[in-house]
Structure formats: structure tokens, C-alpha cells
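Engineer:
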Amino acid sequence: MDNPSKDNVEAVLRKINWAQEILNSVQQNVSDPQIGNILSGISFIMDSASMDAEALYQSIK
3 MDNPSKDNVE AVLRKINWAQ EILNSVQQNV SDPQIGNILS GISFIMDSAS
53 MDAEALYQSI K
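For the sequence shown, the working numbering gives the first residue as 3, with consecutive numbering after it.
(1) Determine the burial state of V32: buried for a count of at least 16 other Cβ atoms within 10 Å of its Cβ, exposed for fewer.
(2) From the DSSP output, in three-state form, read off D34 for me.
(3) Under 8 Å between C-beta atoms, does D9 make it to chain B?
(4) Check whether the stretch 13-27 touches the stretch 44-52, counting contact only when three or more Cβ pairs, one atom from each stretch, lie closer than 8 Å.
(5) Applying the 10 Å Cβ sphere with the 16-neighbour rule, what's the burial state of A13?
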């Protein structure tokens with residue numbers, strides 16, 4: 003039987019990974035330093051969320 007919590011965390015991790023890929027692509031095409039700084043901040047927050055979700059996944063695995 004599948005664990006709904008595990009499935010939910012896996013879905014969140016997939017969405018975070020997709021968003022990070024898009025963000026990385028956008029960051030490579032930005033020349034404005036202010037926008038680059040904002041995107042770097044967003045990237046930091048997403049990395050933190052990804053680590054938290056991974057830790058949660060490991061705890062319910």
C-alpha cells in the first residue's frame with residue numbers, strides 16, 4: 003500500500019526540482035544585476051525548501 007505522505011513529499015520534491023531548473027535557466031539569461039540578486043535569493047529559498055522536503059521524505063520513508 004502506498005504511503006500518501008511519502009507520495010505527497012515526492013510530488014513536492016518534483017515540483018521544486020522543476021522550478022529550480024526553470025530558475026537556473028532564467029538566471030543564465032539575465033544581465034540586470036538587481037534581478038540576478040533577486041533570483042539568487044529565490045534560488046536560496048528553493049534550495050532550503052528542497053533540503054527540508056528531502057529531510058521530511060527521509061523521515062517518513
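Ideal Cβ positions, reconstructed from N, Cα and C, are used throughout, including at glycine. Small disclaimer: the values here were computed from a predicted structure and weren't measured.
Structural biologist: In short:
(1) For the purposes of this step, residue 32 is taken as residue 30 along the sequence shown, with counting starting at 1. Counting Cβ neighbours within 10 Å, V32 comes out exposed, since fewer than 16 surround it.
(2) Translated into the one-based positions of the sequence shown, residue 34 becomes position 32. Residue state, collapsed to three classes: coil.
(3) Looking at the structure shown, chain B is missing, and only one protein chain is on hand.
(4) Flag = yes, the stretch 13-27 and the stretch 44-52 touch.
(5) Residue numbering aside, residue 13 sits at position 11 when the sequence shown is read from its first letter. Under this definition A13 is an exposed residue.
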